[in-house]
Every structure is written in C-alpha cells, then in structure tokens.
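Reading through the structure tokens given below for one structure.
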Amino acid sequence: SRALATREIGGPDPLVLAAADTGEGARILLVEDRPSAIDRIGTALSQHHHVTVETDPHRALVRAPEEGFDLALVSLDLEGFDGLRLCSQLRSLERTRNMALIMIGEMHEKARITRGLDFGVNDYLLRPVDRNELIARVRTQVRRRRFSETLRGALQASMELAITDDLTGLHNRRYLDRHLGPVFGEAALHQKGLACLLLDIDRFKLINDTYGHEAGDEVLRAFAERIRQYVRPMDILARYGGEEIVMVVPGAELPDARAIAERIRERIEATPFAIDGGTRDIGVTVSVGVSVRRPTDSGPADLLKRADTALYRAKSFGRNRVEA
Ligand code: GH3
Ligand code: MG
Ligand code: MG
Ligand code: MG
Numbered sequence: 131s132r133a134l135a136t137r138e139i140g141g142p143d144p145l146v147l148a149a150a151d152t153g154e155g156a157r158i159l160l161v162e163d164r165p166s167a168i169d170r171i172g173t174a175l176s177q178h179h180h181v182t183v184e185t186d187p188h189r190a191l192v193r194a195p196e197e198g199f200d201l202a203l204v205s206l207d208l209e210g211f212d213g214l215r216l217c218s219q220l221r222s223l224e225r226t227r228n229m230a231l232i233m234i235g236e237m238h239e240k241a242r243i244t245r246g247l248d249f250g251v252n253d254y255l256l257r258p259v260d261r262n263e264l265i266a267r268v269r270t271q272v273r274r275r276r277f278s279e280t281l282r283g284a285l286q287a288s289m290e291l292a293i294t295d296d297l298t299g300l301h302n303r304r305y306l307d308r309h310l311g312p313v314f315g316e317a318a319l320h321q322k323g324l325a326c327l328l329l330d331i332d333r334f335k336l337i338n339d340t341y342g343h344e345a346g347d348e349v350l351r352a353f354a355e356r357i358r359q360y361v362r363p364m365d366i367l368a369r370y371g372g373e374e375i376v377m378v379v380p381g382a383e384l385p386d387a388r389a390i391a392e393r394i395r396e397r398i399e400a401t402p403f404a405i406d407g408g409t410r411d412i413g414v415t416v417s418v419g420v421s422v423r424r425p426t427d428s429g430p431a432d433l434l435k436r437a438d439t440a441l442y443r444a445k446s447f448g449r450n451r452v453e454a
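If you want it as structure tokens, here you go:
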C-alpha cells in the first residue's frame with residue numbers, strides 16, 4: 131500500500147486515459163459452432179482484436195475464467211446447448227462476472243434475447259451479422275468495460291489511500307477508529323481476550339532536533355517497518371499519532387501482550403536504525419503502554435485510555451520500558 135500511495139501522486143489521470151480509449155486490441159472469446167459464422171465474425175474482428183474461437187460451450191466455460199477475456203460473443207443456438215445458459219453461467223462466475231457479453235441470435239429468438247438482456251448480457255447481434263454493426267457494438271462494450279475497470283481501480287486506490295498513513299504505509303487513525311469497534315465487539319461477544327499496545331518512541335523530539343526532521347522521518351519509517359514484523363494478519367497496526375503506533379491483538383491476554391511488547395522493546399533497543407543510506411546509525415528506545423479488554427469496558431475507548439495511561443506511566447518511570 132506504500133507503493134500505491136506513491137504511485138497515486140502525479141502521472142496521467144487514468145479516467146482521462148480511459149475516455150480516450152479506442153476500444154481496440156481486446157481479448158475476445160467467440161463461442162460459435164457454425165463454420166460460416168466463425169469465418170465471417172472471426173475475420174471481421176481479427177482486424178481489431180485478438181480473437182479466440184471455441185466451438186464447445188463446455189470448454190468455453192473452462193477457458194473463460196482461466197484466460198481472462200475482455201468480451202465473449204456467444205451464439206444462442208449452439209449444437210445441443212443453450213447459449214443463454216452459458217451467458218448466465220459466465221455472469222455468475224467470480225472470474226468472468228465483469229466480462230462483457232454479446233449474444234448472437236436469430237430474429238425469431240427475440241424472447242430469449244430479451245431474457246438475456248434482463249439478466250445482464252450487455253448486447254446482442256442478429257443473424258446475418260452485419261460486419262460494421264459487429265465491430266461497432268464490440269467496440270462499445272470493450273470501451274464500457276475498460277472504463278468501469280478503471281473506475282473500479284481508481285475507487286479502490288482512493289479507498290486504500292484514505293485508510294493509509296503516507297509516511298509509514300501503516301493504517302491510519304481513521305482505519306483504526308473504523309475497525310476497532312467491530313473487533314472489540316467480537317471479542318466481547320465471545321468473551322475472548324483483546325490487547326492493545328501503544329508504542330511511543332522515547333525522546334523523539336531530540337532525534338529531530340539533533341539529526342533533522344528528515345532523519346526523524348526515516349527513523350519513523352524504519353520503526354514502523356520493524357514493528358510490522360510482529361504483526362499477524364488479524365492484528366491491527368496503525369499510526370496513532372506523530373510517533374505513536376497502536377497495535378491491537380485479538381485473542382491476547384495480558385501475559386501474551388506483555389511478552390509481545392517486551393520483545394518489541396528489546397528489539398528496538400538492540401539494533402539502531404541505519405539512516406542516510408546506511409551511513410549513520412541512530413539508537414532509539416520505545417516505551418509501551420499495554421491494556422487488555424475488561425468485561426466492564428463499555429467500548430474500545432476504555433481500552434485505548436488504559437493503554438495511554440500505562441504509556442504515561444512507562445514514560446514517567448524512566449522510558450524504554452513496558453507498563454500495563
Ligand atoms: P517522550 O519520550 O516523552 O515521548 O518524548 P518525545 O520527544 O518523543 O515526545 P513529544 O510528544 O514531546 O514529541 C514528539 C515529537 O514527534 C514532536 C514532533 O515534532 C515529532 N513528530 C511527530 N510527527 C512526526 C513526523 O511525522 N516526522 C518527524 N520527523 N517528527 C514527528
Ligand atoms: Mg510524548
Ligand atoms: Mg515520544
Ligand atoms: Mg508521543
């Protein structure tokens with residue numbers, strides 16, 4: 131997500147690029163078993179796209195999810211098989227759900243065509259297929275699909291950015307605020323342990339004052355990276371404030387939480403951070419406030435509050451220590 135944060139800054143707007151798309155060069159699957167139609171449609175489309183012909187609908191159903199086509203053209207009157215069923219199956223499979231679909235049918239099959247359109251087939255062509263109409267309808271669907279893929283990607287990227295801290299690549303406070311409630315509720319419901327570790331670099335202001343703010347940033351990044359190594363997939367790790375990181379550990383009781391905190395504290399103290407491309411080492415220590423969920427807690431705020439109080443104690447007892 132850190133790479134993503136950097137990638138999102140600058141560069142051409144993907145939506146503008148998508149709007150300028152010619153709708154050419156798509157990967158198209160043609161499911162058709164009439165030799166004359168294969169020839170006619172295949173030849174016309176091959177000038178603009180990469181066309182794969184599949185005469186067997188069962189094989190088409192296997193190939194489509196595996197080969198990642200942008201669009202499928204499906205004949206409604208395949209030998210001994212309902213093309214409409216193939217369309218519906220392609221719509222319901224996870225890997226082909228967003229693929230563009232065009233049916234090819236006869237005028238007298240209008241009722242089936244309508245059913246297809248009703249469950250999400252994008253468009254249709256009537257036989258005999260007109261070459262220009264074929265190319266135009268395919269192009270429209272290819273552009274539509276690429277555009278919605280771009281939108282989806284942009285939406286996901288901005289959602290990711292909204293919950294990520296730029297400097298460290300960790301989750302941010304917003305993410306924590308949104309996720310701690312449900313995690314806390316889950317632990318309370320099943321009467322499971324839940325621990326909170328609040329980690330704060332000791333005398334960080336002094337690091338900034340001595341080595342400069344840039345060096346401070348570098349230390350902060352390296353600090354976050356080292357802590358990240360102690361985190362399992364179900365844990366939450368977020369930048370809580372300036373040089374404070376919060377770690378939430380579902381399932382942990384006090385002894386486990388203390389042990390994790392102590393390991394991190396030791397590990398930070400033992401190995402200084404190499405900054406300026408390894409030319410300089412900065413020794414850092416960290417204080418940790420630990421809290422665990424109590425049955426009397428009314429919400430995650432109580433848990434955080436106790437971690438904060440414990441951290442304050444660790445600081446006042448001389449720093450570089452764990453308090454609970
Ligand atoms: P203590 O041991 O009591 O925690 O002392 P401290 O100096 O670490 O604590 P204090 O809260 O007084 O200062 C925190 C400093 O962290 C002040 C602030 O300038 C610095 N800081 C906060 N965010 C950043 C950041 O993103 N980059 C850098 N370089 N410094 C930051
Ligand atoms: Mg402080
Ligand atoms: Mg500090
Ligand atoms: Mg602080």
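Per UniProt numbering, the sequence shown starts with residue 131, numbered consecutively. Cβ atoms here follow ideal geometry from the backbone N, Cα and C, with glycine treated the same way.
Residues sharing a beta bridge with residue i, DSSP
i, result
"Glu162", "BP columns for Glu162 are empty, so no partner."
"Val452", "Val418"
Delimiting residues of the alpha helix (DSSP H) encompassing residue i
i, result
"Val268", "Arg261 to Ala292"
"His309", "Arg303 to Leu319"
Own chain residues within Cβ distance below 6 Å of residue i, not counting five before or after
i, result
"Arg230", "The amino acid occupying residue 230 in the given sequence is Ala; Arg does not appear at that position. Cβ within range, chain order: Leu201, Asn252, Gln271 and Arg275."
"Arg267", "Asp253"
"Arg227", "none"
"Glu236", "Arg257"
"Arg137", "Low confidence applies here, because Arg137 scores a pLDDT of 46, under 50, leaving its location unreliable; read the following figure in that light. Once the five neighbours on either side are set aside, Arg137 has no close Cβ partner at all."
"Leu223", "Pro195"
"Glu154", "His178"
"Glu209", "Asp163"
Enclosing beta strand (DSSP E) for residue i [first to last residue]
i, result
"Leu329", "Leu324 to Ile331"
"Leu367", "Ile366 to Arg369"
"Val349", "No beta strand (DSSP E) contains Val349, which is instead part of the alpha helix (DSSP H) from His343 to Arg358."
"Val376", "Glu374 to Pro380"
8 Å Cβ shell around residue i - same chain, five flanking residues per side excluded
i, result
"Leu160", "Ile168, Ile171, Gly172, Leu175, Val181, Thr182, Val183, Glu184, Ala202 and Leu203"
"Glu239", "Leu206 and Asp207"
"Ile265", "Ala174, Leu175 and His178"
"Glu311", "Going by the sequence as given, residue 311 is Gly instead of Glu. For Gly311, where only same-chain residues beyond five positions count, the Cβ hits under 8 Å are Gly429 and Pro430."
"Leu134", "Residue placement at Leu134 cannot be trusted, given a pLDDT of 45 that sits under 50; what the coordinates show is reported in the next sentence. Counting only Cβ-Cβ distances below 8 Å, and skipping sequence neighbours, we find Ala287, Glu290, Leu291 and Thr294."
"Ile232", "Leu201, Ala202, Leu203, Val204, Val251, Asn252, Asp253, Tyr254, Leu255, Arg267, Val268 and Gln271"
Cutoff 8 Å: residue i Cβ touching any chain D Cβ
i, result
"Val361", "Given the protein chain composition of this structure (a single chain), no chain D is represented."
Proximal residues to residue i (C-beta, below 7 Å), its chain only, five neighbours per side dropped
i, result
"Phe249", "Ser218 and Arg221"
"Ala444", "Ser417, Val418, Gly419, Arg451, Val452 and Glu453"
"Ala440", "Gly419, Val420, Ser421, Glu453 and Ala454"
"Glu348", "Ile405"
"Gly408", "none"
"Ala391", "Leu327, Val418, Val420 and Val452"
"Ala150", "none"
Segments assigned alpha helix (DSSP H), at least 4 residues, entirely inside the UniProt domain "Response regulatory" (157-272): Counting only runs of at least 4 residues, the UniProt domain "Response regulatory" (157-272) fully encloses the following alpha helix (DSSP H) elements, listed from N- to C-terminal order: 165-176, 187-197, 213-222 and 240-248.
Residue ranges of each alpha helix (DSSP H) within the segment 399-450, 4 or longer: Runs found: 430-446.
Three-pair Cβ contact test at 8 Å for the segment 343-359 versus the segment 284-292: No, because fewer than three Cβ pairs between the segment 343-359 and the segment 284-292 fall closer than 8 Å, the two stretches do not touch.
Validate contact between the segment 329-344 and the segment 429-436 using beta carbons, cut 8 Å, 3 pairs: No, they do not touch.
At least 3 beta-carbon pairs within less than 8 Å: the segment 375-382 vs the segment 320-333: At 8 Å Cβ cutoff, the stretches touch.
Any 3 or more C-beta pairs closer than 8 Å across the segment 415-430 and the segment 359-368: Contact between the segment 415-430 and the segment 359-368 is absent, because fewer than three Cβ pairs lie under 8 Å.
Contact between the segment 295-303 and the segment 395-405 (3+ Cβ pairs under 8 Å): With the cut-off at 8 Å, the segment 295-303 and the segment 395-405 do not touch.
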